[in-house]
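Everything below concerns the one structure shown next.
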Amino acid sequence: MIFKENGGKKMAKVEIGYYDLADITISKSCLLVSKGKGKVNMMALDWKSIGELWSYPVVTVAVAPSRYTYSLLNENPEFTLNVPSPQIESAISIAGSYSGRNTDKIKMAGLTLKESSHISVPMIEEAMISYECKIIHTAESGSICSHRLYFGEILAVYADEDLVKKRKIK
Ligand SMILES: Cc1cc2nc3c(=O)[nH]c(=O)nc-3n(C[C@H](O)[C@H](O)[C@H](O)COP(=O)(O)O)c2cc1C
655 MIFKENGGKK MAKVEIGYYD LADITISKSC LLVSKGKGKV NMMALDWKSI
705 GELWSYPVVT VAVAPSRYTY SLLNENPEFT LNVPSPQIES AISIAGSYSG
755 RNTDKIKMAG LTLKESSHIS VPMIEEAMIS YECKIIHTAE SGSICSHRLY
805 FGEILAVYAD EDLVKKRKIK
């Protein structure tokens, strides 16, 4: 169990099953966190899917070659996918309109990084759901839209305890 600060009140985060809250994740704009050469960056991400590939639980994200995130994912094949809680939804516009090449967007959005359990890329403490993923495969999206698809094996998922209780998962 890990903890986050929320307006002075400690709130617990608990580990959940890979697909437990996939319906929420799929319906939301997310924050994709990557890390290379010691630099951590986040970008807004809508294009994703959650499923299974070769018996691995997988989150697939589509990232355009022009993104700084693209070079970080190619350098260090790991990411966290973070679903913002309603309190931090404004971070999406920061993450989606600036580039980590010249801006520390995490600092700008006032977010906190939390060490992951299985990978070197941190998660966002204020997120309501976070996925730790290790990239096991990539593919080019082809002529529809020029993105690289990164297939990340889900190693762990954490969610706010209140949300977990509300959904009666545990
Ligand atoms: C709501 C929203 C969703 C987005 N979804 C994607 C996406 O799925 N894939 C992508 O490559 N860019 C997406 N973008 C654009 C990137 O977030 C944006 O270009 C960002 O500035 C890239 O940051 P970076 O250069 O630090 O990686 C989205 C932007 C917004 C606002």
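The C-terminal position of the sequence shown is numbered 824 in the numbering used here, with every residue numbered one higher than the one before it.
Glycine residues also receive a C-beta, built at the ideal position from the N, C-alpha and C atoms.
Beta-carbon proximity check, residue i vs residue j, cutoff 7 Å
i: T723; j: V717; result: yes
i: A810; j: L675; result: no
i: K761; j: Y752; result: no
i: C787; j: V713; result: yes
i: G690; j: E729; result: yes
Proximity winner among the options, relative to residue i (alpha-carbon distances)
i: N695; options: I670, F733, V713; result: F733
i: I773; options: T757, E807, R821; result: E807
i: R802; options: S739, L767, S725, G754; result: S725
i: A698; options: T766, R721, I798; result: R721
i: C799; options: T757, Q741, P719, V775; result: P719
Cβ-based neighbour list, residue i, same chain, cut-off 7 Å, excluding 5 preceding and 5 following
i: N736; result: C684, L685, V687, M777, I778, A781, S784
i: Y672; result: P711, I808, V811
i: I704; result: Y673, A676, T679, I680, V713
Cut-off 6 Å between Cβ atoms - residues of its own chain near residue i, not counting five sequence neighbours on either side
i: P731; result: I789
i: Y710; result: E807
i: L727; result: S688, Y804
i: A763; result: A745, I748
Rounded C-alpha distance that separates residue i from residue j
i: K702; j: E769; result: 23 Å
i: E706; j: E815; result: 25 Å
i: V818; j: K824; result: 7 Å
i: I670; j: G754; result: 30 Å
i: P740; j: T679; result: 13 Å
i: T766; j: D700; result: 22 Å
i: W708; j: S797; result: 25 Å
i: K682; j: P738; result: 8 Å
i: V775; j: K693; result: 10 Å
i: T757; j: S771; result: 27 Å
Close Cβ partners of residue i (< 8 Å) along its chain, the five nearest in sequence each way excluded
i: R821; result: D674, L675
Problem set entry | contact_flag[the region 742–753, the region 785–796] where n(CB pairs < 8 Å) is 3 or more | no
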